[in-house]
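For the protein sequence lines, the chains are A and B, in the order given. Position 123, counted from 1, in the first sequence is what my numbering calls 123; the numbers after and before it change by one each time, with no gaps. Position 61, counted from 1, in the second sequence is what my numbering calls 1061; the numbers after and before it change by one each time, with no gaps. Just so you know, even glycine gets a beta-carbon here, dropped at the ideal spot from N, CA and C.
There are 2 protein chains.
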Amino acid sequence: MPAGGVADEGKARTQILEQTIHLFAAAGFAGVSMRTVAEHVGVTPAALYHHFADKEQLYLDTVKYAFRAKTAAARKIVAAAGDPFASLEAFLLWFAQTLAREGNFRKLLQWVLLDADPERTRQLVQETFSELFAAIQQLANSFKSRYDPHLLSISIISLVAFHYQTQDARKLLPGNRASHDKPATVARHVADLLRHGLGAPA
Amino acid sequence: MPAGGVADEGKARTQILEQTIHLFAAAGFAGVSMRTVAEHVGVTPAALYHHFADKEQLYLDTVKYAFRAKTAAARKIVAAAGDPFASLEAFLLWFAQTLAREGNFRKLLQWVLLDADPERTRQLVQETFSELFAAIQQLANSFKSRYDPHLLSISIISLVAFHYQTQDARKLLPGNRASHDKPATVARHVADLLRHGLGAPA
DNA sequence: GTCTATACCATGATAGAC
DNA sequence: GTCTATCATGGTATAGAC
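Below, the structure written as structure tokens:
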């Protein structure tokens, strides 16, 4: 098995996955046809079936491929620094940067959360969310706070993830400014809120 | 124009919308066919086209119908109490209860956030998100905190919304307990976190 | 306001040549 | 490993009877 990590991966196969990420990110499983994929990749639909058993497998492999390495970075960041707050801030900045920069990553995450097929959900959550979540939960535990680690982990992820999920929608809502989507701004806001809460005005 | 608020609404039309909510909530615009809707409603596809110009209009009207009244409740709750923290806690509980109880509402919200069509996004955000957001922003302002009102509003919504967005996924992640999805638990956790932050251990 | 019938196109998937 | 050709099915939408 090659360095990639998941089964065998020919050059052509990898190139297909690479070019398919954007399509599934934009329209989801049901919104993308094999013909569209084929056209975009520059082959015929039949050629796709040489590399993937069916559309479902292509989708699963595409999402897994897109998430690989993305979350491995999180582990390192969380494990690196000693002070919990320093780790938290490093993670928040990394997460905000990643979501801001990699729209495909963000959207695929949203598609995974909306997936109606339980088995597909299971596979994707384990392949995608679980490593990221484990890293955050480790961080959450290091605070030795009053909060439940599971709840706190989700809260930390929420504050960054949901902000970028609503990126397009917020442009239509009052009080929006372009600077609100800058990763540094978001990370600082969330770090402040998590550290001090609303109780202590500056 | 009748009390409903949006154009004309016959009895049959309303019944179609009512029964279609669940389908679009589960599978989104691309994942639902007019045949499926017709079968589920108990008519032929042709009958649907008597009430709705096309599939897109059926989708838009369904989402708008599902959101109507849902968010009107939020305004009252936020406006009611005097103390900002009391209002906040009342809102958090209402929001958690609504998302926990009304899975269709929650899922439609997620579909709206993922919609790739800018014009559809514009219509739906204004019809759905904007009233809820205005209520929260009013609340956020009342804290007179150091935080940007827009950012703070999204943070408040994030902590509850994302928690329930990840409901299915979290069942597969470590540390999950059934009690974590009880509205009272979520609301209390979020209220504590927002009030005190991580800085002040109990 | 709902039906039958249907036009017409897109879909996932396969067989078999090269 | 990719092609051409094809199939069966399902997709949106319409015409016109009742």
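Exercise for review: Give the residues of chain B in contact with Phe91 (chain A), contact being defined as C-beta atoms less than 9 Å apart.
Suggested key: In the first sequence, residue 91 (chain A) corresponds to position 91, counting from 1. The contacting residues do not exist; Phe91 (chain A) stays about 13 Å from chain B at best.
Exercise for review: Confirm, please, whether the CB-CB distance from Arg75 (chain A) to Ala134 (chain A) is below 9 Å.
Suggested key: Translated into positions along the first sequence, residue 134 (chain A) becomes position 134. Translated into positions along the first sequence, residue 75 (chain A) becomes position 75. Yes, Cβ-Cβ distance for Ala134 (chain A) and Arg75 (chain A) is below 9 Å.
Review point. Does the Cβ-Cβ distance between Thr1071 (chain B) and Ile1021 (chain B) come in under 9 Å?
Key: Your numbering for residue 1071 (chain B) matches position 71 in the second sequence. Your numbering for residue 1021 (chain B) matches position 21 in the second sequence. Result no, Cβ atoms of Thr1071 (chain B) and Ile1021 (chain B) do not sit closer than 9 Å.
Check your understanding: My guess is that Gly28 (chain A) and Gly1028 (chain B) are in contact by the Cβ rule of under 8 Å, so how many angstroms apart are they, rounded?
Key -> As a working note, residue 28 (chain A) is residue 28 in the first sequence. As a working note, residue 1028 (chain B) is residue 28 in the second sequence. With a Cβ gap of about 7 Å, Gly28 (chain A) and Gly1028 (chain B) count as contacting.
**Study point:** First and last residue of the uninterrupted alpha helix (DSSP H) at Phe162 (chain A)
**Key:** To locate residue 162 (chain A), count along the first sequence from 1; it is residue 162. From DSSP, the alpha helix (DSSP H) with Phe162 (chain A) extends over Pro149 to Gln165.
Review point. Is the Cβ of Tyr1049 (chain B) closer than 9 Å to any Cβ of chain A?
Key: By 1-based counting over the second sequence, the position of residue 1049 (chain B) is 49. No, its Cβ sits nowhere closer than 9 Å to a Cβ of chain A.
Exercise for review: Report the rounded CA-to-CA distance for Lys1144 (chain B) versus His40 (chain A), giving the unit in angstroms.
Suggested key: As a position in the second sequence, residue 1144 (chain B) is number 144, starting the count at 1. As a position in the first sequence, residue 40 (chain A) is number 40, starting the count at 1. So the alpha carbons of these two residues sit roughly 51 Å apart.
**Study point:** DSSP-derived helix/strand/coil call for Asn1141 (chain B)
**Key:** The count along the second sequence starts at 1 and reaches residue 1141 (chain B) at position 141. Three-state result, Asn1141 (chain B): helix.
Point to revise | the segment 1158-1174 of chain B contacting the segment 1104-1118 of chain B, beta-carbon criterion three pairs below 8 Å | key: yes
Review point. With a Cβ-Cβ cutoff of 9 Å, do Leu206 (chain A) and Leu1114 (chain B) count as a contact?
Key: The shown model of chain A, from 1 to 202, leaves out residue 206 (chain A), and the question about it has no answer.
Practice item. Pick out whichever of B:Thr1128, B:Leu1198 and B:Asp1181 has its Cα sitting closest to the Cα of Leu1060 (chain B). Key: For this step, residue 1060 (chain B) is matched to residue 60 along the second sequence. Ranking the options by Cα distance to Leu1060 (chain B), first place goes to B:Thr1128.
Review point. Name the chain A residues whose beta carbon is nearer than 9 Å to that of Ala1030 (chain B)?
Key: Start at 1 with the first residue of the second sequence, and residue 1030 (chain B) comes out as number 30. In chain order: Ala27, Gly28, Phe29, Ala30, Gly31 and Val32.
Review point. If you check the beta carbons only, do Tyr49 (chain A) and Glu18 (chain A) fall under 9 Å apart?
Key: Sequence index remark: in the first sequence, residue 49 (chain A) carries index 49 (1-based). Sequence index remark: in the first sequence, residue 18 (chain A) carries index 18 (1-based). No, these two residues do not count as a Cβ contact at 9 Å.
Practice item. Kindly indicate which three-state DSSP category Asn104 (chain A) falls into: helix, strand or coil? Key: Within the first sequence, residue 104 (chain A) is the residue found at index 104, counting from 1. Helix.
Review point. If we cut at 9 Å on Cβ distances, does Gln1110 (chain B) have a partner in chain A?
Key: Here residue 1110 (chain B) refers to the residue found at position 110 when the second sequence is read from its first residue. Output row for Gln1110 (chain B): interface = yes.
Point to revise | Neighbourhood of Trp94 (chain A) by C-beta distance below 7 Å, restricted to the same chain and skipping five residues each side | key: Reading the first sequence from its first residue, position 94 is the one you call residue 94 (chain A). Only Ala73, Ala74 and Ile77 meet the Cβ criterion.
Check your understanding: Of the choices A:Ile136, A:Arg13 and A:Leu193, whose alpha-carbon is the least far from that of Pro1174 (chain B)?
Key -> Residue numbering aside, residue 1174 (chain B) sits at position 174 when the second sequence is read from its first letter. Nearest C-alpha to Pro1174 (chain B): A:Ile136.
Check your understanding: Can you list the residues of chain A that Ser1142 (chain B) reaches, using a CB-CB cut of under 9 Å?
Key -> Taking the second sequence and counting its residues from 1, one reaches residue 1142 (chain B) at position 142. Ordered by position in chain A, no residue passes the 9 Å Cβ test against Ser1142 (chain B), which lies about 11 Å from the chain.
Point to revise | Residues in the segment 183-196 of chain A having any Cβ partner in chain B nearer than 9 Å | key: Thr185, Val186, His189, Val190, Asp192, Leu193, Leu194, Arg195 and His196
**Study point:** Interface residues of the segment 1147-1162 of chain B facing chain A [CB-CB below 9 Å]
**Key:** Tyr1147, Asp1148, Pro1149, His1150, Leu1151, Leu1152, Ser1153, Ile1154, Ser1155, Ile1157, Ser1158, Leu1159, Val1160, Ala1161 and Phe1162
Review point. Of all Cβ atoms in chain B, is any one closer than 9 Å to the Cβ of Leu113 (chain A)?
Key: Translated into positions along the first sequence, residue 113 (chain A) becomes position 113. Chain B contact via Cβ: present.
Point to revise | Any C-beta of chain A under 9 Å from that of Lys1107 (chain B) | key: The count along the second sequence starts at 1 and reaches residue 1107 (chain B) at position 107. Cβ-Cβ to chain A under 9 Å: yes for Lys1107 (chain B).
Exercise for review: Would you please verify whether the beta carbon of Leu1060 (chain B) is less than 9 Å from any beta carbon of chain A?
Suggested key: By one-based count along the second sequence, residue 1060 (chain B) stands at place 60. Judged by the 9 Å Cβ criterion, Leu1060 (chain B) is not in contact with chain A.
Point to revise | Interface partners of Leu1139 (chain B) on chain A, CB under 8 Å | key: What you label residue 1139 (chain B) is simply residue 139 of the second sequence in a count that begins at 1. Simply none; closest approach about 11 Å.
Point to revise | As assigned by DSSP and simplified to three states, the class of Leu226 (chain A) | key: Absent from the structure is residue 226 (chain A), since the part of chain A shown begins at 1 and ends at 202.
**Study point:** Top-ranked residue by Cα proximity to Ala169 (chain A), from B:Glu1056, B:Ser1130 and B:Ser1155
**Key:** Position 169 of the first sequence, counted from the start, is the residue given in the question as residue 169 (chain A). Out of B:Glu1056, B:Ser1130 and B:Ser1155, B:Ser1130 has the C-alpha closest to the C-alpha of Ala169 (chain A).
**Study point:** Three-way DSSP call (helix, strand, coil) for Arg122 (chain A) in this model
**Key:** Walking along the first sequence from the start, residue 122 (chain A) turns up at place 122. Reduced to three states, the DSSP call for Arg122 (chain A) is helix.
**Study point:** Pick from A:Asn176, A:Ser155 and A:His180 that is closest to Arg195 (chain A), judged by C-alpha positions
**Key:** The residue labelled residue 195 (chain A) in the question sits at position 195 within the first sequence. That would be A:Ser155, whose Cα lies nearest to the Cα of Arg195 (chain A).
**Study point:** Rounded separation between Val125 (chain A) and Ser153 (chain A) - CA only
**Key:** As a first step, residue 125 (chain A) is located in the first sequence; it is residue number 125 there, counting from the start. As a first step, residue 153 (chain A) is located in the first sequence; it is residue number 153 there, counting from the start. Going from the Cα of Val125 (chain A) to the Cα of Ser153 (chain A) covers about 16 Å.
Review point. Using a Cβ-Cβ cut-off of 7 Å (strictly less than) and excluding sequence neighbours within five positions of Gln1138 (chain B), which residues of its own chain qualify?
Key: As a working note, residue 1138 (chain B) is residue 138 in the second sequence. For Gln1138 (chain B), where only same-chain residues beyond five positions count, the Cβ hits under 7 Å are Val1078.
Exercise for review: Pick helix, strand or coil for Lys1070 (chain B), following the three-state DSSP scheme.
Suggested key: Reading the second sequence from its first residue, position 70 is the one you call residue 1070 (chain B). Three-state DSSP puts Lys1070 (chain B) in coil, outside helix and strand.
Exercise for review: Give every residue of the same chain whose Cβ lies closer than 7 Å to the Cβ of Val190 (chain A), excluding the five residues on either side of it in the sequence, and list them in chain order.
Suggested key: As a working mapping, residue 190 (chain A) is identified with position 190 in the first sequence. Hits under 7 Å: Leu92, Leu159 and Val160.
**Study point:** Coarse secondary structure for Gln19 (chain A), derived from DSSP in three states
**Key:** Position 19 of the first sequence, counting from 1, holds the residue named residue 19 (chain A). Residue state, collapsed to three classes: helix.
Practice item. Excluding the 5 residues preceding and the 5 following Val1186 (chain B) in the sequence, name in chain order all residues of the same chain whose CB lies nearer than 6 Å to its CB. Key: Your numbering for residue 1186 (chain B) matches position 186 in the second sequence. Ala1096 and His1163, listed in sequence order.
**Study point:** DSSP three-state assignment for Lys1182 (chain B), whether helix, strand or coil
**Key:** Along the second sequence, one-based indexing puts residue 1182 (chain B) at 182. Coil.
Point to revise | For Ala1012 (chain B) and Asp181 (chain A), the rounded distance between their alpha carbons | key: What you label residue 181 (chain A) is simply residue 181 of the first sequence in a count that begins at 1. What you label residue 1012 (chain B) is simply residue 12 of the second sequence in a count that begins at 1. Approximately 44 Å, taken between the alpha carbons.
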